[in-house]
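Residue numbers (my numbering): 416 to 829.
The beta carbon of each residue, even a glycine, is placed where N, CA and C say it ideally should be.
For clarity, every value in this text was computed on a predicted model and none was experimentally measured.
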Ligand code: RAT
Ligand code: ZN
């Protein structure tokens, strides 16, 4: 049945709320990966997005802050950003939404009630309840084969979990070869510091080995704003000579997240990374050179977004996803998503959560639905004005495509 213009927004909201999304990129871990997964109030408050905000609203020096226990850090952040200030930034508002979602106090001078509540939860059930509240049924993880603790758990046979998809993350291999080649060698693969032709074979064996253990749904790497391709550097050679061939043979997509500038302020540790505009010609060359490989790509700089859409119109093997990290704010998400719909229809994945702490899923997905509803409704209103009214089934088809099928088709899962 055709929907009248003034009923479009509620219809879109209904569909968005009723459709379970696939979260295509998070830093969460399935419970069988033990204590790697972060959750609870102290982790929520010490999220690195909030740490960066702390130093703008408190005189504490990063060195003093990092010397504190996690609990003391959380208390400090709560006091500076939630008691002494109104939490109006995106990241602080997110904590309020999570507390409110669980019926916990949002203006309390301390964290007692929240700590008691989270201490009473059992992880496995808590994961399921958080997924339910967030409206997702599957989350892709970020799995690092060079993280000693994580690698040990995989080797011991971490049980799979239908709520979580493994993703083989290659930042240490592609971004910091000089620091990490020794760790690959220590795992028994023949590589050297120069990323020589023999090393490419060793890395290829390393990748095949880990693809066999983790069974990832894609391989992934974040890259700097200076990313170039092709390039005679360890990253360029390893990408062309080992990673891309491994993706092709295993029929796995490669996810690239381009534009992060690591450690522009190392005093802030994880919160010390920045963003920069990239040269998307490198991406164009990759897409043109490897048409049989699918690329899931997110770009960090707002200034790159228009040419990124143009690029996606030229290359069907590119699946743009998400408004990453510093872009994940309503004003920017709105602008980017409108543009993507106008240029790509429903052939992109509007958002991922990038959650590092389990309960962040609740506010990040709530915000995505809230921002997206009027944008989609407006697209259908314009369509109706131009002569074609939509039905709820048509809206459902688009939403399912954007938040599920674009990913399942790109990765070949299900
Ligand atoms: O958004 C973040 O948490 C960043 O610190 C990064 O981890 C980024 O999402 C990435 O995957 O590199
Ligand atoms: Zn991430």
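Limits of the unbroken alpha helix (DSSP H) element including residue i
i           : result
residue 435 : Per DSSP, residue 435 belongs to no alpha helix (DSSP H) and is neither H nor E.
residue 593 : 592-601
residue 746 : 745-759
residue 655 : Run containing residue 655: none; DSSP gives neither H nor E here.
residue 517 : From DSSP, residue 517 is part of no alpha helix (DSSP H); its letter is neither H nor E.
residue 642 : Neither: residue 642 is in no alpha helix (DSSP H) and is coded neither H nor E.
residue 824 : 821-826
Boundaries of the beta strand (DSSP E) in which residue i is found, first to last residue
i           : result
residue 552 : 551-555
residue 734 : 733-735
residue 662 : Premise fails: residue 662 lies in the alpha helix (DSSP H), 659-665, not in any beta strand (DSSP E).
residue 672 : 669-673
residue 628 : Not the beta strand (DSSP E): residue 628 falls in the alpha helix (DSSP H), residues 612-629.
residue 637 : 634-638
residue 708 : Premise fails: residue 708 is in no beta strand (DSSP E) and is neither H nor E.
C-alpha gap between residue i and residue j, whole angstroms
i           : j           : result
residue 509 : residue 474 : 23 Å
residue 786 : residue 429 : 14 Å
residue 633 : residue 581 : 8 Å
residue 636 : residue 591 : 11 Å
residue 621 : residue 500 : 49 Å
residue 693 : residue 436 : 29 Å
residue 839 : residue 583 : Outside the displayed range of the chain (416 to 829) lies residue 839, so it cannot be described from this structure.
residue 700 : residue 721 : 18 Å
residue 667 : residue 619 : 14 Å
residue 504 : residue 605 : 48 Å
residue 613 : residue 601 : 16 Å
residue 750 : residue 603 : 48 Å
residue 487 : residue 465 : 14 Å
residue 439 : residue 577 : 14 Å
residue 579 : residue 551 : 11 Å
residue 427 : residue 788 : 6 Å
residue 718 : residue 483 : 38 Å
residue 594 : residue 737 : 30 Å
residue 764 : residue 803 : 24 Å
residue 548 : residue 541 : 10 Å
residue 420 : residue 537 : 45 Å
residue 478 : residue 472 : 16 Å
residue 673 : residue 740 : 11 Å
Exposure of residue i, with buried meaning 16 or more beta-carbon neighbours within 10 Å
i           : result
residue 735 : buried
residue 725 : exposed
residue 675 : buried
residue 783 : buried
residue 826 : buried
residue 755 : buried
residue 830 : There is simply no residue 830 to check, as the chain begins at 416 and stops at 829 in what is shown.
residue 775 : buried
residue 824 : exposed
residue 597 : exposed
residue 695 : buried
Any non-hydrogen atom of ligand 4 closer than 7 Å to residue i Cβ
i           : result
residue 442 : No copy of ligand 4 appears in this structure; the ligands present are ligand 1 and ligand 2.
Short CB-CB distance (under 8 Å) between residue i and chain C
i           : result
residue 784 : Annotation note: the requested chain C is absent from the structure, which comprises a single protein chain.
### Task
Give every residue whose Cβ lies closer than 5 Å to any heavy atom of ligand 1, listed in chain order.
Residues with a Cβ closer than 5 Å to any heavy atom of ligand 1, in chain order: 637, 740, 769.
### Query
Any chance the segment 790-798 sits against the segment 517-535, with 3 or more Cβ pairs inside 8 Å?
When C-beta atoms of the segment 790-798 are compared with those of the segment 517-535, fewer than three pairs fall below 8 Å, so the two segments do not count as touching.
#### Entry: the segment 697-712 / the segment 479-497 touching (three or more Cβ pairs under 8 Å)
The segment 697-712 makes no contact with the segment 479-497; the number of CB pairs closer than 8 Å stays below 3.
### At least 3 beta-carbon pairs within less than 8 Å: the segment 656-669 vs the segment 696-709
Between the segment 656-669 and the segment 696-709 there are three or more C-beta pairs closer than 8 Å, enough to call the two in contact.
### Query
Are the segment 813-829 and the segment 440-456 touching, with three or more C-beta to C-beta distances below 8 Å?
The segment 813-829 makes no contact with the segment 440-456; the number of CB pairs closer than 8 Å stays below 3.
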